[in-house]
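A.B. asks: The listed protein sequences correspond, in order, to chains A and B. Each residue of the first sequence is one higher than the last, beginning at 4 in the numbering used here. Each residue of the second sequence is one higher than the last, beginning at 4 in the numbering used here. A virtual CB, placed ideally from N, CA and C, is assigned to each residue, including glycine. The structure is given below, and queries will be raised subsequently.
There are 2 protein chains.
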Amino acid sequence: LNKTEIERLYEALKKRAEGAARDLKGQETGDKLRNLYVGCRGFLQTLEIRELTSLIPRKSYFVFADGDRTSRPVNASLYSDSLSSETVQAVLNCAVSAMAPSTITAAIYTIAMSYCCANDILKRGDQKTPGTFFELLIGHLVSSALGVNPTTQITAPTLDLNITLPTDFVFDLGADKSRVHLPIKTSTRERVVQVWAHQRVLDGMHGVARFKGVLVVMAETNKQEKAETVTEVCLPNQWTAYQMYIAQMFRVYYLDLPEPYSRLKDRYPFIQVKQFGDFFFEIDKIERSGLVG
Amino acid sequence: LNKTEIERLYEALKKRAEGAARDLKGQETGDKLRNLYVGCRGFLQTLEIRELTSLIPRKSYFVFADGDRTSRPVNASLYSDSLSSETVQAVLNCAVSAMAPSTITAAIYTIAMSYCCANDILKRGDQKTPGTFFELLIGHLVSSALGVNPTTQITAPTLDLNITLPTDFVFDLGADKSRVHLPIKTSTRERVVQVWAHQRVLDGMHGVARFKGVLVVMAETNKQEKAETVTEVCLPNQWTAYQMYIAQMFRVYYLDLPEPYSRLKDRYPFIQVKQFGDFFFEIDKIERSGLVG
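Set out below in structure tokens:
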């Protein structure tokens with residue numbers, strides 16, 4: 004597939020998820036995601052693969068390359084160039100109860116990376132489209148699993164005026180359940196404090212833990228172009244301060260989980276950072292109304 | 004002056020303020036700022052001036068232009084191409100008690116815009132250097148006025164570990180006075196929530212209002228390249244939510260004050276947004292220890 008065809012498949016997805024239909028959770032959105040994945044995989048199979056020198060313990064990475072154009076780093080043990088169509092179908096329909104969390108995580112990583120890497124090669128310097136695509140992919144999976152489409156703004160009546168704010172995806176699961184606040188990022192870096200700040204606004208407007216905060220992130224890798232090395236940028240002490248002093252995120256899920264963050268669940272304030280495949284097996288905890296716990 | 008000479012003057016400033024001397028408040032840093040301003044003014048006088056169509060009520064703007072390269076929008080009633088050397092000297096030494104706040108604001112705006120516009124023309128796409136320059140300029144003025152140099156990290160002992168965080172400039176004025184938290188931005192847009200979030204972390208770590216938050220911003224203008232128009236991007240309801248639910252900023256100062264924000268001081272939660280020249284006449288309020296008010 005060429006650039007124009009991949010763009011056409013992306014636009015079809017975007018139109019389905021964000022257009023008049025606005026049905027992020029629907030089967031049809033899943034089909035559009037699958038079509039785009041299949042197209043991107045075909046394109047990536049025509050490219051060269053170059054190993055990177057990984058400076059991250061116990062992880063190895065490569066890039067897709069077309070001459071001097073290279074993709075973002077790809078985790079070699081998560082990415083598969085031979086995902087079966089049954090696996091793709093099952094994951095995009097959230098029919099994952101028989102799969103291991105690590106298998107689910109790797110399949111979703113592969114689907115997410117395929118579009119992002121194809122776009123890296125086809126459209127140099129475009130950060131926005133991969134970010135939007137990743138929001139649609141994760142938004143589709145979470146809304147399918149919860150059975151509810153999200154909204155992206157929130158209104159609070161105050162004594163003086165009604166304040167309406169744009170938000171990341173938020174889900175209303177009904178009066179007797181939690182609401183869900185779902186920020187989705189391809190990476191976090193220094194802007195991650197926004198996630199805790201928005202959770203704080205929701206807690207202040209609507210009561211602590213009325214919304215459970217679930218952050219989903221792709222990876223924290225950083226490629227050093229000249230040296231052909233890859234590192235991870237992690238700030239675990241800053242996350243600790245945010246969780247102590249700003250607000251409490253209920254879960255953080257990664258597709259490519261950095262070890263420095265995974266260790267945060269074992270020390271105060273016990274931020275629960277896990278692989279995204281675990282999400283599908285703890286939906287009841289997320290839905291359950293009440294304070295963090 | 005050409006590009007190399009302006010770069011040399013900028014590096015001399017940066018070395019003085021951030022190098023071994025680390026004396027942001029000192030007279031010598033003021034001299035380097037003046038040299039850089041004089042150099043940039045000379046360069047700008049060789050350029051064409053093009054009026055923009057202003058979509059902002061009661062404000063008119065122009066750009067400096069060199070062929071198809073244009074600068075950011077400049078507020079015509081604040082910028083002066085004939086600042087006297089006495090005014091420049093007085094402002095950079097904080098000897099401003101005899102000047103009107105609006106005169107001080109316009110002089111600092113002129114100094115700030117001169118470097119930013121020269122850099123816009125000389126280095127297309129460089130956002131970082133103007134941001135750093137603006138931090139050094141405002142940091143110099145505030146630290147001179149307070150008589151103390153800032154630091155850029157903060158340590159909090161917790162029950163489990165010492166957490167050290169990088170911060171915007173923070174000032175320790177002594178045990179019986181407030182500390183000051185001074186974020187400085189050329190514009191804010193959607194990233195401004197970081198300012199309130201960092202204030203919240205400081206309040207949580209050290210007690211509410213132990214640090215008084217003072218945000219300084221250049222402008223909120225946005226240029227539409229093709230249409231040659233200029234607008235202001237303001238989100239006053241979001242600021243209201245942040246001030247109500249995240250933390251309380253003590254002051255917000257602008258060089259080019261947007262009217263939608265200046266109105267925030269007249270309605271709950273009464274965010275005090277003012278022109279930067281007012282800062283020099285309310286230092287005692289900022290220094291005074293105690294809760295917001």
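Taking its Cβ as the centre, do 16 or more other Cβ atoms sit within 10 Å of S147/B, making it buried, or is it exposed?
C.D. replies: Along the second sequence, read from residue 1 onward, the residue named residue 147/B stands at position 144. The residue is buried, with at least 16 neighbouring Cβ atoms inside 10 Å.
A.B. asks: Could you spell out where the alpha helix (DSSP H) holding L2/B opens and where it closes?
C.D. replies: No information on residue 2/B is available, as it lies outside the stretch 4 to 296 that chain B covers here.
A.B. asks: Could you name the residues that DSSP lists as bridge partners for Y256/A?
C.D. replies: Here residue 256/A refers to the residue found at position 253 of the first sequence. BP columns for Y256/A point to V219/A and K277/A.
A.B. asks: Closest to R44/A by C-alpha separation, out of S85/A, T189/A and F214/A, would be which residue?
C.D. replies: The count along the first sequence starts at 1 and reaches residue 44/A at position 41. Distances from the CA of R44/A to each of S85/A, T189/A and F214/A were compared; the closest alpha carbon is that of S85/A.
A.B. asks: Where C119/B and R270/B are concerned, what is the direct C-alpha to C-alpha distance, given to the nearest angstrom?
C.D. replies: Start at 1 with the first residue of the second sequence, and residue 119/B comes out as number 116. Start at 1 with the first residue of the second sequence, and residue 270/B comes out as number 267. Distance between the alpha carbons of C119/B and R270/B is about 34 Å.
A.B. asks: Would you tell me roughly how many angstroms separate the C-alpha atoms of I141/A and A244/A, rounded to the nearest one?
C.D. replies: Translated into the one-based positions of the first sequence, residue 141/A becomes position 138. Translated into the one-based positions of the first sequence, residue 244/A becomes position 241. So the alpha carbons of these two residues sit roughly 27 Å apart.
A.B. asks: Which residues bound the alpha helix (DSSP H) around K226/A?
C.D. replies: The residue given as residue 226/A occupies position 223 in the first sequence. From DSSP, K226/A is part of no alpha helix (DSSP H) but of the beta strand (DSSP E) over T224 to Q227.
A.B. asks: Mind pulling the chain A residues with CB within less than 7 Å of T243/B?
C.D. replies: In the second sequence, the residue the question calls residue 243/B occupies position 240. What T243/B touches in chain A: I166.
A.B. asks: What are the start and end residues of each continuous alpha helix (DSSP H) run of 4 or more residues lying completely inside the segment 17-69 of chain B, in chain order?
C.D. replies: 30-47
A.B. asks: Under 7 Å between beta-carbons, which chain A residues line up against Y248/B? List them in chain order, please.
C.D. replies: Locating residue 248/B in the second sequence gives position 245, where the first residue counts as 1. In chain order: R203, V204, G207 and M208.
A.B. asks: Cβ of D71/A less than 8 Å from any chain B Cβ?
C.D. replies: Here the question's residue 71/A lines up with position 68 in the first sequence. Not an interface residue.
A.B. asks: When you compare the segment 195-202 of chain B with the segment 244-260 of chain B, are there three or more beta-carbon pairs, one atom per stretch, that lie closer than 8 Å?
C.D. replies: yes
A.B. asks: Can you tell me which of the three DSSP states V211/B falls into?
C.D. replies: Numbered from its first residue, the second sequence carries residue 211/B at position 208. Three-state result, V211/B: coil.
A.B. asks: Could you list which residues in chain B have their beta carbon closer than 8 Å to that of T30/A, in chain order?
C.D. replies: The sequence position of residue 30/A within the first sequence is 27, counting from 1. One detail in the question is off: residue 30/A reads as Gln in this sequence, not Thr. By Cβ distance, chain B contributes nothing, its closest Cβ being about 33 Å from Q30/A, past 8 Å.
A.B. asks: In angstroms with no decimal places, state the Cα-to-Cα distance between K131/B and G216/B.
C.D. replies: On the second sequence, position 128 is the one that residue 131/B refers to. On the second sequence, position 213 is the one that residue 216/B refers to. Cα-Cα distance, rounded: 23 Å.
A.B. asks: CB R127/B to CB R72/B, shorter than 8 Å?
C.D. replies: As a working mapping, residue 127/B is identified with position 124 in the second sequence. As a working mapping, residue 72/B is identified with position 69 in the second sequence. Contact check for R127/B against R72/B passes: the beta carbons are separated by less than 8 Å.
A.B. asks: Could you tell me which chain B residues have their CB closer than 8 Å to the CB of D259/A, listed as they occur along the chain?
C.D. replies: Indexing the first sequence from 1 puts residue 259/A at position 256. Residues of chain B whose Cβ lies closer than 8 Å to the Cβ of D259/A do not exist; the shortest such Cβ separation is about 25 Å.
A.B. asks: What does D163/A reach in chain B if we use C-beta pairs closer than 8 Å?
C.D. replies: Within the first sequence, numbered from 1, the residue matching residue 163/A stands at position 160. Residues of chain B passing the Cβ test: R270 and Y271.
A.B. asks: Assuming I59/A and L149/A make a contact with CB atoms under 8 Å, what is their CB distance in whole Å?
C.D. replies: Here residue 59/A corresponds to residue number 56 of the first sequence, with the count starting at 1. Here residue 149/A corresponds to residue number 146 of the first sequence, with the count starting at 1. No, I59/A and L149/A are not in contact; Cβ-Cβ is about 33 Å, not under 8 Å.
A.B. asks: Identify each residue in the segment 169-198 of chain A for which the Cβ-Cβ distance to at least one residue of chain B is less than 9 Å, and report them in chain order.
C.D. replies: P169, E193, R194, V196 and Q197
A.B. asks: Where does the unbroken alpha helix (DSSP H) through G96/B begin, and where does it stop?
C.D. replies: By 1-based counting over the second sequence, the position of residue 96/B is 93. First, the amino acid is wrong: residue 96/B is Asn here, not Gly. Here N96/B belongs to no alpha helix (DSSP H), and DSSP marks it neither H nor E.
A.B. asks: Within 8 Å of any Cβ in chain A, is that where the Cβ of N240/B sits?
C.D. replies: For the purposes of this step, residue 240/B is taken as residue 237 along the second sequence, with counting starting at 1. For N240/B, the answer is yes, since a Cβ of chain A falls inside 8 Å of its Cβ.
A.B. asks: Could you tell me whether the Cβ atoms of N78/A and D281/A are closer together than 8 Å?
C.D. replies: Start at 1 with the first residue of the first sequence, and residue 78/A comes out as number 75. Start at 1 with the first residue of the first sequence, and residue 281/A comes out as number 278. The answer is no: Cβ separation not under 8 Å.
A.B. asks: I want to verify the contact list: residues of chain A whose CB lies under 8 Å from the CB of A200/B, in sequence order.
C.D. replies: Residue mapping note: residue 200/B aligns to position 197 of the second sequence, counting from 1. V196, Q197, W199, A200, R203, Y245 and I249, listed in chain order.
A.B. asks: Hey, A110/A and V94/A: beta-carbon distance below 8 Å or not?
C.D. replies: In the first sequence, counting from the first residue as 1, residue 110/A sits at position 107. In the first sequence, counting from the first residue as 1, residue 94/A sits at position 91. For A110/A and V94/A, yes; Cβs fall inside 8 Å.
A.B. asks: Going by Cα to Cα distance, which pick from G33/B, H143/B and L12/B is closest to V173/B?
C.D. replies: Your numbering for residue 173/B matches position 170 in the second sequence. When each option's Cα is compared against that of V173/B, the closest is H143/B.
A.B. asks: Name the two residues that bound the continuous beta strand (DSSP E) containing L168/B.
C.D. replies: Along the second sequence, read from residue 1 onward, the residue named residue 168/B stands at position 165. From DSSP, the beta strand (DSSP E) with L168/B extends over N165 to D175.
A.B. asks: Helix, strand or coil, according to DSSP, for N78/A in the structure here?
C.D. replies: Working through the first sequence from its first residue, we reach residue 78/A at position 75. Residue state, collapsed to three classes: strand.
A.B. asks: What first and last residue would you give for the alpha helix (DSSP H) that runs through A110/B?
C.D. replies: Residue mapping note: residue 110/B aligns to position 107 of the second sequence, counting from 1. Looking at the DSSP string, the run of the alpha helix (DSSP H) that includes A110/B is P104 to L125.
A.B. asks: Within the continuous alpha helix (DSSP H) that includes I286/A, where are the two ends?
C.D. replies: By 1-based counting over the first sequence, the position of residue 286/A is 283. I286 to E290 is the extent of the alpha helix (DSSP H) around I286/A.
A.B. asks: Residues bridged to R270/A by DSSP?
C.D. replies: The residue you call residue 270/A lines up with position 267 of the first sequence. R270/A is not bridged to any residue.
A.B. asks: Check this for me: beta carbons of I124/A and L176/A, under 8 Å apart or not?
C.D. replies: For the purposes of this step, residue 124/A is identified with residue 121 of the first sequence, where counting begins at 1. For the purposes of this step, residue 176/A is identified with residue 173 of the first sequence, where counting begins at 1. Contact flag unset, no.
A.B. asks: Just verifying my parser: in three-state terms, what is the DSSP assignment at L330/B?
C.D. replies: Absent from the model: residue 330/B. The displayed extent of chain B is 4 to 296, so no value can be given.
A.B. asks: Which of the three DSSP states, helix, strand or coil, is assigned to P160/B?
C.D. replies: Position 157 of the second sequence, counted from the start, is the residue given in the question as residue 160/B. It is a strand residue.
A.B. asks: From this set, P169/A, V276/A, P272/A and R194/A, which residue's C-alpha is nearest Q156/A's C-alpha?
C.D. replies: Taking the first sequence and counting its residues from 1, the one referred to as residue 156/A is at position 153. Nearest option by C-alpha distance: P169/A.
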